[in-house]
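Have a look at the structure below before the remarks.
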Amino acid sequence: MNSARSTPTAVDWLIFLLLLAGALLMCGPFIWMISTSLKPSAEVFRFPPTLLSADPQPGNYARIFSTIPFGQAIGNSVIVATSVTLLQLVVCSMAAYAFACLRFRGREVLFLIYLAALMVPSQVTLIPNFILIRNLGWIDTYQGLILPYAFSSFGTFLLRQYMKTIPAELIEAARIDGANHLQIYAGVVLPLSLPALGALAIFTFVAQWNNFLWPLITTSKPSMQVTTVALASLQGQFNTDWPLLMTGSVLAIVPMLIVFALGNRSFISGITTGSFGGR
Amino acid sequence: MSVSGKPSLGSQARREEGVAWLFLAPSLVLFAVFTGLPVISAFFISFTHWDLFNPPRLALFDNYIALWNDPIFRQVLGNTGYYVALAVPLQMLLGLLCALGLNRGVPGQGVFRVIYFLPVVTSTVAAGLVWAWLFNSNFGLINMGLSLLGASELPKWLVSSRWAMPAVIAVSVWQGLGYAMVLFLAGLQNIRRDVYEAAAIDGATGLTRLWYITLPLLSPMTFFVLIISIIGSFQVFELVYVMTKAGPSNATNTLVFFIYQNGFMFYQMGIASAAAMVLFLIVLALTLVQYRLQNRWVHYE
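Taken in sequence, the protein lines are chains A and B. So for the first sequence, the numbering used here puts the first residue at 228; every next one is plus one. So for the second sequence, the numbering used here puts the first residue at 482; every next one is plus one.
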């Protein structure tokens, strides 16, 4: 808001320096994670600590893949996060289209019910869902990891708010041209909703990649573990092998940093749209 | 109304209705199976004894009475309250300060925003691991640093019943402040510029402007951040799981960890569901409080 101001004041510089110091504190754990991941196992216990090892061990990054099936875990995370994201985009956008562009009896009530579900903490449904998945024989399966997340109230709400802003004349014009609802949904509304779809996609992908409790309780075979669960079990087995644990942490974080770097604007717009609508 | 010429209107509306339910069908099925019915089942399971290996037995209020009399559950509620009471204000205060700083248009603000936000997109399991390493009482960077600075009595952090919870809280503040910051930034950018211009004409600058204009106009967002932060903080689990496993001797056991522990380590689905209902009630009450108080406390433009 001070774009009009020509010269930065002393206060501006002070704030800049404080923000810089804060940024270093925020980055510190990441730097230490990378630093530790490249050290020989014994060096991490040395005092005083070193930032850069004299004997760097990039081989730690190969060691983790031979110690546990970490490649498989990363693959599982990719499969689960991608499937959940695609399913949510389809299911939520269909529901949002009905709420935003179609008239039907019970629309407001059903929308309120979906919204009310936002108040239900996921831990409330955890136990019944676990029992359901177990009875279906879906422990250690992809469908058990994916299907419970295929719909989200948040996603429906986000997309519906966005679709509401599409001018009704556009939809009316398509209808006069003889388009049916499937054509309007796929050919008019979805293309115009790309920013909101992008925000939901990134948001969902990151949330799924980092999801922990559900995959923790619904997988037992190492070959079905996702990255977060593999990392936690690595901690259980090698709790003093800090270079190995930090290697795993780096590998779990890097893909999200890339996703975030590619779409940080839509990610943040997803969060803030939700907040303005929720008020 | 449709006296003549448009007999198809009714059937068209009916057709639109049918189409709407087709579009809703996938979400309805998934919602019913994985949210609606489970909420109802959780309620009923909380009135049973069920270990998953034998059929459930009716317990009526036994689980709730057991929770009420369980000193560990009381400790868990106390711990969770302690966590929420410290983590939420700290996250919000630091998030607000960052947002106010960034909103001045300092150089590199885009980079700052990304850096402060990075921990939010970081897997909590990975973040908990590196912080467990930083807080390691013998070889962690924090204690090594403290002893280099000349400290003689070093806290045992995660293995100390006094310091474990503050350590977990510190990590959650590190991880959560970027989220509050982004929301506050959006709120700040939503304040109309002419309000500031009017204030400038009246001679308001610096702190006066912050106190009398920015903060009151930001209050709807502040209230929203407060409520979602409290609700989110009541659900803390992953940091506890990775950093302390609820120890030492339950010093960092929290509500969701208690649910996990009883459900999936002790196979007491009834007790776990009853504890989940307590969590549900807390979140529900907070949401209702939000609706009630919003109008009284919050300034809209």
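Where is the CB? At the ideal position from N, CA and C, for every residue including glycine. Given the structure is predicted, the values throughout are model-derived calculations rather than measurements.
Check, Outcome
"Own chain partners of residue 580 of chain B with C-beta closer than 7 Å, once the 5 adjacent residues on each side are dropped", "662, 665, 666, 669"
"Sufficient close CB pairs (3 or more, under 8 Å) joining the stretch 441-460 of chain A to the stretch 363-373 of chain A", "yes"
"Cβ of residue 649 of chain B within 8 Å of any chain A Cβ", "no"
"Neighbourhood of residue 478 of chain B by C-beta distance below 6 Å, restricted to the same chain and skipping five residues each side", "No answer is possible for residue 478 of chain B: the residues shown for chain B start at 482 and end at 782."
"Spatial neighbours of residue 743 of chain B in its chain, beta-carbon cut-off 6 Å, leaving aside the 5 residues before and after", "749, 752, 753"
"Residue of A/465, A/479, A/499 minimising C-alpha distance to residue 294 of chain A", "A/465"
"Residue environment, residue 692 of chain B, which counts as buried when at least 16 other CB atoms sit within 10 Å", "exposed"
"Residue burial classification, residue 614 of chain B (beta-carbon count within 10 angstroms, cutoff 16)", "buried"
"Distance, residue 583 of chain B Cα to residue 506 of chain A Cα", "Reliability fails at residue 506 of chain A, whose pLDDT of 31 lies under 50, so the model's placement of it is uncertain and the value that follows must be treated cautiously. So the two alpha carbons sit approximately 24 Å from each other."
"8 Å Cβ cutoff met for residue 263 of chain A and residue 606 of chain B", "no"
"Residue-level contact to chain C via CB, residue 437 of chain A, 8 Å cutoff", "Note that chain C does not occur in the displayed structure, where the protein chains are A and B."
"Spatial neighbours of residue 406 of chain A in its chain, beta-carbon cut-off 8 Å, leaving aside the 5 residues before and after", "414, 415"
"Residue 326 of chain A versus residue 307 of chain A - alpha carbon distance", "28 Å"
"Chain A contact for residue 538 of chain B (CB, 8 Å cutoff)", "no"
"Residue 312 of chain A (DSSP reduced to helix, strand or coil)", "helix"
"Alpha-carbon to alpha-carbon, residue 267 of chain A and residue 733 of chain B", "32 Å"
"As assigned by DSSP and simplified to three states, the class of residue 539 of chain B", "strand"
"Burial state of residue 496 of chain B, where buried means 16 or more other Cβ atoms lie within 10 Å", "exposed"
"Contact with chain B by residue 263 of chain A, beta-carbon distance below 8 Å", "yes"
"Where the alpha helix (DSSP H) containing residue 514 of chain B begins and where it ends", "Note, residue 514 of chain B: premise wrong, no alpha helix (DSSP H); not H, not E."
"Three-state class that DSSP yields for residue 725 of chain B in the structure shown", "coil"
"Min CB distance residue 271 of chain A to chain B below 8 Å", "yes"
"Proximity test, Cβ basis, 8 Å: residue 744 of chain B and chain A", "yes"
"Helix, strand or coil at residue 431 of chain A [DSSP, three-state]", "helix"
"Rounded C-alpha distance that separates residue 713 of chain B from residue 572 of chain B", "12 Å"
"Secondary structure of residue 499 of chain A, DSSP reduced to three states", "helix"
"Range covered by the alpha helix (DSSP H) that runs through residue 356 of chain A", "349-362"
"Rounded C-alpha distance that separates residue 644 of chain B from residue 638 of chain B", "5 Å"
"Residue 494 of chain A versus residue 522 of chain B - alpha carbon distance", "34 Å"
"Candidates A/310, A/496, A/491, A/239, of which the one nearest residue 377 of chain A by Cα", "A/310"
"Distance between residue 656 of chain B and residue 417 of chain A (C-alpha atoms, nearest Å)", "34 Å"
"Cutoff 8 Å; reference residue 498 of chain A; Cβ partners in own chain excluding five residues on either side", "430"
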